[in-house]
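Residue numbers (the UniProt record's numbering), protein chains in the order written: chain X, 1 to 230; chain U, 1 to 230.
Virtual Cβ for every residue (Gly too), placed ideally from N, Cα, C.
2 protein chains.
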Amino acid sequence: MRAMSQPVGLPMLAESDLVRQVARRLTDAIVQGRLAPGAKVAEAAVARELGISRAPVREAARLLESQGLLQASPRRGFFVRELSPRDVDELYDLRLCVERHAAVEAARRLTPAAREALRRQLDLMRDLARRDDPVAIVEADYQFHRLICEAAGNARLLRLFDGLASELRIVIGLIGRLYDDPDEIARTHEPVLAAIEAGHPERIVAHVDHHIGVARREVGRLVQSLTPTP
Amino acid sequence: MRAMSQPVGLPMLAESDLVRQVARRLTDAIVQGRLAPGAKVAEAAVARELGISRAPVREAARLLESQGLLQASPRRGFFVRELSPRDVDELYDLRLCVERHAAVEAARRLTPAAREALRRQLDLMRDLARRDDPVAIVEADYQFHRLICEAAGNARLLRLFDGLASELRIVIGLIGRLYDDPDEIARTHEPVLAAIEAGHPERIVAHVDHHIGVARREVGRLVQSLTPTP
DNA sequence: CAAGCTGAAAGTGTCGACAATCGACGCCTA
DNA sequence: TAGGCGTCGATTGTCGACACTTTCAGCTTG
Numbered sequence: 001m002r003a004m005s006q007p008v009g010l011p012m013l014a015e016s017d018l019v020r021q022v023a024r025r026l027t028d029a030i031v032q033g034r035l036a037p038g039a040k041v042a043e044a045a046v047a048r049e050l051g052i053s054r055a056p057v058r059e060a061a062r063l064l065e066s067q068g069l070l071q072a073s074p075r076r077g078f079f080v081r082e083l084s085p086r087d088v089d090e091l092y093d094l095r096l097c098v099e100r101h102a103a104v105e106a107a108r109r110l111t112p113a114a115r116e117a118l119r120r121q122l123d124l125m126r127d128l129a130r131r132d133d134p135v136a137i138v139e140a141d142y143q144f145h146r147l148i149c150e151a152a153g154n155a156r157l158l159r160l161f162d163g164l165a166s167e168l169r170i171v172i173g174l175i176g177r178l179y180d181d182p183d184e185i186a187r188t189h190e191p192v193l194a195a196i197e198a199g200h201p202e203r204i205v206a207h208v209d210h211h212i213g214v215a216r217r218e219v220g221r222l223v224q225s226l227t228p229t230p
Numbered sequence: 001m002r003a004m005s006q007p008v009g010l011p012m013l014a015e016s017d018l019v020r021q022v023a024r025r026l027t028d029a030i031v032q033g034r035l036a037p038g039a040k041v042a043e044a045a046v047a048r049e050l051g052i053s054r055a056p057v058r059e060a061a062r063l064l065e066s067q068g069l070l071q072a073s074p075r076r077g078f079f080v081r082e083l084s085p086r087d088v089d090e091l092y093d094l095r096l097c098v099e100r101h102a103a104v105e106a107a108r109r110l111t112p113a114a115r116e117a118l119r120r121q122l123d124l125m126r127d128l129a130r131r132d133d134p135v136a137i138v139e140a141d142y143q144f145h146r147l148i149c150e151a152a153g154n155a156r157l158l159r160l161f162d163g164l165a166s167e168l169r170i171v172i173g174l175i176g177r178l179y180d181d182p183d184e185i186a187r188t189h190e191p192v193l194a195a196i197e198a199g200h201p202e203r204i205v206a207h208v209d210h211h212i213g214v215a216r217r218e219v220g221r222l223v224q225s226l227t228p229t230p
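Next up, the structure:
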């Protein structure tokens, strides 16, 4: 009984789990926009395409449902989640809540390694902005925020952030370029990192609020333009 | 098309979804302490006991895994999550983060109905404290916090709170009485509601912090005493 | 006596199949 | 011609079965 007191922490190799693989493929397809919001995800079709049976597909779909990427309609199947402007509002409310906390915590326990990683990520973003690579910038943007959550040292916080981010990617994946001015991204991130390094909680919150507010407006506008006014 | 313009409010009969039912049963068994942390949840055994096949059990288990109640170990099965002191720390960190936000938002958009519900819940808690009903008090405590999250008007926030709460219930369910002084619960809730009604963000945060800090210490002590020092 | 090996039993991962149900198409009726 | 009804196909929900893995008890051996 004491033998397996530590099932936690191991990288859990041998991910031969078909479920995880299917979940990953579906997730990729959704965030890359290959599966549009509202599209039906038929078990049989996916299973045929992957050359497996329906069981793993079903379980993967349920996993993605719990993550908010799919929506289950009893007796009808799974559909890619459609995000209303209200949904986006909810998601950004939570992002604000989560990332404020993450940034403050990250500042409290900032290790040299984490600080270095954040700086490198910022450099990368500046570089991508110069080279005007809109797809890579969105990814780098995501990674920067993820690094902050990682630095907060709370595994659940990180999982929560991943969940919010993947749901937002449903809509973000629809467009190639999120910001009109790619350079703006790098610029709005700088003060966030600076505030974290300085370690003033109020300043951190203020800059995080500002930065996320900008993103929120951008995505909000985008979703608004995508939603056929009812 | 106008015929059923009101799909809301119907009780949605015929929830023949076995998965939901199994998930509910397992959840109940866990939070009631009938399934102890670390216990194995064998698909076949559960299926036999419920008189169904393994497929729905599997899906329900995976659902509970995504909620953090179960832990999947490839090729070995599902186990009831064991919470280390560190896990409890993480959970309370997130609770703090989530409930601060919820309380501030609830204050911003407090409807008379929500306010009334919160007051009634507080009265109920006072009553239960007088009658010294430790089990009911924990439940009422949970409901009070849930009402605050409901009043915040963010469905995802509520789901997030439910997830955190159910994970914490893994350990809370282990004991009958969480607080030494039942009356203390009601007393530490009063200033929270007062602050929400007053609407001062800083005061709200302060009181929420204090209240959750108390609970955190209690649960922390409990978990500490349950953990065989490694 | 402890440690390692062997075999069987139990359990998971995956599959294909069947019944129940939902959506769509076409037909009938007013 | 518009609207309701019944039938058909397609898909889900559930099941039982099989191969492979893990676990554990008993045996062997140093």
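Against chain X, the beta carbon of cysteine 97 of chain U has neighbours under 7 Å at Cys97, Val98, His101, listed in chain order.
When DSSP states are grouped into helix, strand and coil, serine 73 of chain U belongs to the strand group. As DSSP reads the structure, valine 80 of chain X sits in a beta bridge with X:Leu70. Bridge partners of valine 41 of chain X according to DSSP: X:Phe78. The C-alpha of valine 98 of chain U is placed about 25 Å away from the C-alpha of proline 134 of chain U. Contact annotation for aspartate 209 of chain X against chain U: no contact, minimum CB-CB distance about 12 Å [criterion: below 7 Å]. Per the Cβ contact rule, the stretch 119-131 of chain U is not in contact with the stretch 22-42 of chain U (fewer than 3 Cβ pairs under 8 Å). Nearest to glutamate 105 of chain U by alpha-carbon distance, out of X:Asp93, X:Arg115, X:Glu116, is X:Asp93. Under the 10 Å beta carbon count, glutamine 224 of chain X is surrounded by fewer than 16 other beta carbons and is classified as exposed. Taken through DSSP and simplified to helix, strand or coil, alanine 129 of chain U comes out as helix. For alanine 215 of chain X, the enclosing alpha helix (DSSP H) has its first and last residue at 201-226. Residues of the stretch 56-67 of chain U whose Cβ lies closer than 8 Å to any Cβ of chain X, in chain order: Arg58, Glu59, Arg62, Leu63, Ser66, Gln67. A direct Cα-to-Cα measurement between leucine 96 of chain U and alanine 47 of chain X gives close to 42 Å. Not flagged as an interface residue toward chain X: arginine 34 of chain U, since no C-beta distance is shorter than 7 Å. Around the C-beta of glycine 163 of chain X, 16 or more other C-beta atoms lie within 10 Å, and the residue is accordingly described as buried. Close partners of glutamate 90 of chain X in chain U (Cβ separation under 7 Å): Asn154, Ala155, Arg156.
In terms of CA proximity to leucine 118 of chain U, U:Ala103 leads the group U:Asp132, U:Ala103, U:Arg130. When only Cα atoms are considered, serine 166 of chain X and valine 192 of chain U end up about 34 Å apart. Within a 10 Å sphere around the beta-carbon of proline 56 of chain U sit 16 or more other beta-carbons, which makes this residue buried. Counting only residues of its own chain and dropping the five nearest sequence neighbours on each side, alanine 152 of chain X has a CB closer than 6 Å to the CB of Ala102, Glu105, Ala106.
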